[in-house]
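Protein chains in written order, with the working numbering: chain A, 4 to 331; chain B, -16 to 224; chain C, 21 to 309. Virtual Cβ for every residue (Gly too), placed ideally from N, Cα, C. See structure below.
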Amino acid sequence: MAMGRATRMLIGLMVALLLAPFIGNDYLVSVLILCLFNAYLAQAWNIMMGFAGQLSLGHALYVGLGAYAGGALFFHYGTPPWIGMIVGAAIAALVGGVIGFLGFRFGVKGVYFALLTIAFAEFTRILFDHFTWVGGSSGLYLPVVRADHDNLLLLRGRPAMFYYVILGLSAAVFLICHRILGSRLGYYWRAIREDQDAAQALGIDTFKAKMAAVMLSAALTAVGGVFYAFYTNTLYAESAFAMHRSIELILGAIIGGMGTLFGPILGAFLLTLLGELLTRLAENFGHGFEGVKQIGYGLILLVIIALRREGVWPRLAKRLGLDGEKAS
Amino acid sequence: MSALLAVDGISKSFRGLKAASAVSFELDAGAILGLIGPNGAGKTTVFNMIAGVFPPDEGRVRMDGRDITGKRPDQICRAGIGRTFQIVKPFGGLTVRENVIVGALASCKTVADAEREADRVLDLLGLADKARQPAHALTLPDRKCLEVARALATRPKLLLLDEVMAGLRPTETDRMVAIFRQLNRESGLTILLIEHVMRAVMALAQRIVVLNTGEVIATGTPEEIAADQKVRDCYLGEEAA
Amino acid sequence: MSPEFILGIAIAGTLTGAVYGLMALGLSAIFGVMRVVNFAHGEMMVGGMYIAYLLYKTMGLDPIMMLPVAALGLFVVGYLLQRYLVNYFIEVPEHVQFLLLLAVAMVFTNAFLMIFGPDARGVQLPYAFDSYNVGPLVIDKVRLIAAVIAVLIAALLGLFFAKTRTGKAIRACADNLTGAQVVGLDVKHLYAVTFGLGAACVGAGGALMLLLVDVHPHLTTDYTLLGFIIVIIGGLGSLPGALLGGVLIGLSEAFAGFFLAASMKSMFAFGLLILVLLFRPNGLLGRGA
Ligand SMILES: Nc1ncnc2c1ncn2[C@@H]1O[C@H](COP(=O)(O)OP(=O)(O)O)[C@@H](O)[C@H]1O
Ligand SMILES: [Mg+2]
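Dropping the structure here:
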């Protein structure tokens, strides 16, 4: 069977990513982990907004829920994170389901829906800040073991192990998105995104389809949250559920191209690398320019919104001769 | 045999303004019924009540003997009623083919089947050569055509057409008329059609219902309607003026 | 707990709420006319606070005296922002507008962070601890002044929209854009004036707020969200609604701060927002759904 150009390039990319830890140093690995983590989250968010057209500006909620579910289970009972991921995903899907149910049933639309997602995220942030079982405002610290020994079951070990875990998760979420986009549900989502009334007139149960988008997006995001907890070992509600995390999380998808499969990955890589570069530069100029990275993000977002609203990927895909294969 | 669609005294008010009052008509399987009336007469409102966009304030709608009053649009679509929108609503970011596939998914078990069905409908309506274009790039006549294609792909028993020929050139109108006539004759498709283009209504409809300010003022064959004094006064007179 | 004590909290909450109301007024006016949701609202508020702070720091001027300067500064910022950026995005889908202003907000917040650093800064006024005794009640002088000025400015804005030529023209744009264009109104300019005025209200609100709290860059998001909560509770686009929403939030914060941990007070606000979004999407004063 002839392999499509897109498939060949994808395999090439995957091989390069698989080899990266052997070639690069620890710093490169840590940056790549960040890139992949952001790509993972952007892709999960993209399901809800990019595919189904439902704007969530509160996705940090699901990162936080996953992180705290996985983290607290491990902290209190030594539960492996892989089980934590299932629990976290279930909780997030449930919470996402509640938000979606309320929002869709009560006809909360557009910007109001986005504000509803923010309100829930902020509400939960303050709640967790006072939730002593998970450490409250003094934070939750996961026990760290010797760092020269990899324990994949408990996700305790060296950066390279985390790298392969997040690479695997990113690849998995990519494949899931790819499969769904070509399926019945994928068509339903995109129809709803473009025109909900027309979608409904064509027999689509829009409520169910949107619920599926919110719950899947929430669950996958929470799995990323568990990874975050085990990679950073430290959880503060202030930062896990932070509004600015919700914002940063969506930037990659917007810059790369909402609704596409490669856009969120490309955007997250570009953004993370740029952020890293700006941080380095600011450090070289001395006195901790905390805001430089964020200003860079803001300006890039501004430029993209103003000049290339569909994101950078669609154009690039055309250049690479992949536009026939880019899904949507 | 009882009627395929029975509209029984449906009414709707918007903020005190009666857009439709006690509208009743029946439509037998295989028939083509025209719904005409001046602008603002309440035709689209009647459509929206049948299609489930909003429930009627009073009255019932039955399809195939089943009460479908107050059901959601997607449920009504699955009950066998396909509709077009007067103000077209293409899925702008999807290709023409994908637009029709979405419709076809309502009638097909798998995505592959839906793709085949979409291609068939695109062929039928002469949109095949534009299949890969994004829908937002279509001209208005093509968008109207796409509305019809999408609705047809759901394989409805009853097709509701809301002014699909407005803005079409006469040759395009004739082609549409021919297509609907063929669908009606060959697959027994029942059609309820709102139309301003009188030529199309007269050519297609076996019976016509005339609405004015929300009320049915006449029902009959095209010839009877053309001869009806009340209709001439309120509607045809307006056209001549 | 004595009734005087509770009444005292209620008065303090109402007075603070009036300043919140002034801030939200700007957001509401911008939405009411252009249907633009200004995600950079808290940034403008904090901008007003920093202007007042700088003038205080460099020239030792009282923030109340500096309120016109803060308002004027923000008017210019708002006018330019609308004239040369947002005007080009009036027709785009609302989530795009949302993201655009989010980008502006990110730049502002972090510019503040770079210029002023993360520390909280405040003013020390000679009359900071003065108060009036009304029977058994004690009313803070600063709070009272701030609230009175806030209500005055709100009234001025209402008068502007009701009585002046420009105000009427802006209302015409809001009611019927095509009509306004047909009769030859300079819509772009009027939009920019509206955004400028909205921003000026926020700037003034910021100067007043500096009397009550210290300023630091991370207040921006808090105020943006607070602004949304208030206008949605009052009804987006409704000017009296913004004041009412401000007072309600001021009250709920004051009471929550006393009866619960102070850090939990905004949980109430978010809970209220959720309920209003679900049950009164047009706000308490808005027309029914
Ligand atoms: N969703 C709606 N909300 C308020 N008024 C409506 C709505 N739909 C239709 N109307 C009003 O109902 C009347 C009938 O409109 P419509 O059914 O569209 O007429 P027609 O299709 O015959 O031209 C008009 O006065 C129109 O303004
Ligand atoms: Mg109509």
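Interface partners of residue i on chain C, CB under 9 Å
i	result
V168 of chain A	Residues of chain C passing the Cβ test: none, with the nearest at roughly 30 Å.
V121 of chain A	The amino acid occupying residue 121 of chain A in the given sequence is Ile; Val does not appear at that position. Ordered by position in chain C, the residues that pass the 9 Å Cβ test against I121 of chain A are L245, F248, F290, L293.
G270 of chain A	Here the premise fails: no neighbours, minimum Cβ distance about 13 Å.
A63 of chain A	Correct list: empty, because the minimum Cβ distance to chain C is about 12 Å.
D118 of chain A	The question names Asp, but residue 118 of chain A is Leu in the sequence shown. Near L118 of chain A (Cβ distances below 9 Å), the residues of chain C are V57, L245, F248, I249, I252, L293, L297.
Amino acids of chain C, ordered along the chain, whose beta-carbon sits closer than 8 Å to that of residue i
i	result
L281 of chain A	In chain order: nothing, as chain C lies at least about 11 Å away.
Residue i: contacting residues in chain C (beta-carbon distance under 7 Å)
i	result
D132 of chain A	S283
Y300 of chain A	M126
M246 of chain A	T241
Chain-ordered chain A contacts of residue i [CB-CB under 7 Å]
i	result
A123 of chain C	G301, L304, L305, I308
N58 of chain C	Those within 7 Å of N58 of chain C in chain A number zero; the least Cβ separation is about 11 Å.
L119 of chain C	I257, L304, I308
Span of the alpha helix (DSSP H) around residue i
i	result
S272 of chain C	259 to 279
E155 of chain B	153 to 170
R191 of chain C	185 to 195
G28 of chain C	23 to 54
T202 of chain B	It is not in any alpha helix (DSSP H) - T202 of chain B instead sits in the beta strand (DSSP E) that spans 198 to 203.
T78 of chain C	61 to 79
I97 of chain C	Strictly speaking, residue 97 of chain C in this sequence is Val, with Ile absent from that position. Taken as a continuous stretch (DSSP letters only), the alpha helix (DSSP H) holding V97 of chain C covers 83 to 104.
L119 of chain C	114 to 136
Enclosing beta strand (DSSP E) for residue i [first to last residue]
i	result
F8 of chain B	0 to 10
Y152 of chain C	151 to 154
K54 of chain B	K54 of chain B -> no beta strand (DSSP E), and no H or E assigned at all.
V193 of chain B	190 to 195
T137 of chain B	Where T137 of chain B is concerned, there is no enclosing beta strand (DSSP E), given that its DSSP letter is neither H nor E.
I(-7) of chain B	-12 to -3
G42 of chain B	41 to 46
G17 of chain B	15 to 19
D145 of chain B	141 to 145
L176 of chain B	173 to 177
Below-9 Å beta-carbon distance, residue i vs any chain E residue
i	result
I257 of chain A	The chain inventory of the structure shown lacks chain E, comprising the protein chains A, B and C.
Contacts that residue i makes with chain A (C-beta to C-beta distance below 8 Å)
i	result
A66 of chain B	Just to set this straight, residue 66 of chain B is Arg in the shown sequence, not Ala. Near R66 of chain B (Cβ distances below 8 Å), the residues of chain A are A204.
R215 of chain B	Per Cβ cutoff of 8 Å: no residues; R215 of chain B is ~35 Å from chain A at best.
M273 of chain C	It should be noted that the sequence gives Glu, not Met, for residue 273 of chain C. Chain A residues near E273 of chain C: none, gap ~13 Å exceeds 8 Å.
E114 of chain C	G113, V114
Per-residue contacts from residue i into chain B (C-beta, under 7 Å)
i	result
A194 of chain A	F74, V85
A207 of chain A	According to the sequence displayed, residue 207 of chain A carries Ile and not Ala. Those within 7 Å of I207 of chain A in chain B are D57.
E343 of chain A	Residue 343 of chain A falls outside the range modelled here, since chain A spans only 4 to 331, and no answer is possible.
Cross-chain neighbours of residue i in chain B, by beta carbon under 9 Å
i	result
D200 of chain A	V36, P56, F68, K72
Given 8 Å, three or more beta-carbon pairs between the stretch 163 to 182 of chain A and the stretch 43 to 53 of chain A
Yes, the stretch 163 to 182 of chain A is in contact with the stretch 43 to 53 of chain A.
Please give the ranges of any beta strand (DSSP E) in the stretch 195 to 245 of chain A, keeping only runs that are unbroken, at least 3 residues long and fully inside the region.
Qualifying beta strand (DSSP E) stretches: none in this window.
Could you give the uninterrupted runs of the alpha helix (DSSP H) lying entirely in the stretch 60 to 102 of chain B, keeping only those of 4 residues or more?
Within the stretch 60 to 102 of chain B, the complete alpha helix (DSSP H) runs of at least 4 residues are 79 to 88.
To test your reading of the DSSP string, which unbroken alpha helix (DSSP H) runs of 4 or more residues are found completely within the stretch 249 to 323 of chain A?
The DSSP assignment places 266 to 287, 295 to 310, 316 to 322 as complete runs of the alpha helix (DSSP H) inside the stretch 249 to 323 of chain A, in order along the chain (cut-off: 4 residues).
Short of 7 Å Cβ to Cβ, which residues in the stretch 22 to 40 of chain B face chain A?
Here the close residues are A34.
Below 8 Å, how does it come out for the stretch 145 to 159 of chain B and the stretch -6 to 6 of chain B: are there three or more Cβ pairs, yes or no?
No, the stretch 145 to 159 of chain B is not in contact with the stretch -6 to 6 of chain B.
Meets three-Cβ-pair contact criterion under 8 Å: the stretch 44 to 64 of chain C and the stretch 249 to 263 of chain C
Because the criterion of three Cβ pairs below 8 Å is met, the stretch 44 to 64 of chain C and the stretch 249 to 263 of chain C touch.
Beta strand (DSSP E) runs contained entirely in the stretch 108 to 147 of chain A, provided each spans 3 or more residues
Taking only runs of at least 3 residues, no beta strand (DSSP E) segment lies wholly in the stretch 108 to 147 of chain A.
Contact residues within the stretch 41 to 56 of chain B, judged by C-beta distance below 8 Å to chain A:
So the close ones are R55, P56.
At a Cβ cut of 8 Å, what residues of the stretch 175 to 189 of chain A count as close to chain B, listed as they run along the chain?
In summary, the residues of the stretch 175 to 189 of chain A whose CB is separated from some CB of chain B by less than 8 Å are G185, S186, R187, in the order they occur in the chain.
Quick one: which unbroken alpha helix (DSSP H) runs of 4-plus residues sit fully inside the stretch 18 to 78 of chain A? Chain order, please.
With a minimum length of 4 residues, the continuous alpha helix (DSSP H) runs that stay inside the stretch 18 to 78 of chain A are 29 to 49.
Pull out every residue of the stretch 90 to 105 of chain A whose Cβ sits closer than 8 Å to any Cβ of chain C, in chain order.
Residues passing the 8 Å Cβ filter: L105.
Under 7 Å (Cβ pairs) to chain A, residues found in the stretch 127 to 160 of chain B
Flagged, chain order: R133, T137.
Meets three-Cβ-pair contact criterion under 8 Å: the stretch 283 to 303 of chain C and the stretch 72 to 84 of chain C
They do not touch, by the three-pair rule.
Any chance the stretch 194 to 204 of chain B sits against the stretch 221 to 233 of chain C, with 3 or more Cβ pairs inside 8 Å?
Touching, no.
Inter-stretch contact (C-beta, 8 Å, three-pair minimum) for the stretch 6 to 22 of chain B and the stretch 294 to 312 of chain A
Not touching, per the Cβ criterion.
Pairs of beta-carbons, one from the stretch 146 to 159 of chain C and one from the stretch 208 to 224 of chain C, closer than 8 Å: are there three or more?
No, the stretch 146 to 159 of chain C does not touch the stretch 208 to 224 of chain C.
Cβ contact (3+ pairs, closer than 8 Å) linking the stretch 264 to 282 of chain A and the stretch 263 to 270 of chain C:
Too few Cβ pairs lie closer than 8 Å, so no.
Any C-beta of chain A within less than 7 Å: which residues of the stretch 92 to 122 of chain B qualify?
Residues of the stretch 92 to 122 of chain B whose Cβ lies closer than 7 Å to any Cβ of chain A, in chain order: V94.
Any C-beta of chain B within less than 8 Å: which residues of the stretch 46 to 60 of chain A qualify?
Residues: none.
In the stretch 314 to 326 of chain A, which residues sit with their C-beta less than 9 Å from some C-beta in chain C, listed in chain order?
Going along the stretch 314 to 326 of chain A in chain order, one finds no residue with a Cβ nearer than 9 Å to chain C.
Are at least three pairs of beta-carbons, each pair with one atom in the stretch 90 to 98 of chain A and one in the stretch 143 to 152 of chain A, less than 8 Å apart?
In short, these stretches do not touch, since the Cβ pair count stays below three.
When you check each C-beta in the stretch 168 to 196 of chain B against every C-beta of chain A, which residues fall closer than 7 Å?
Flagged: no residues at all.
Along the stretch 6 to 23 of chain A, where does the CB come closer than 7 Å to a CB of chain C? Name the residues.
Flagged: no residues at all.
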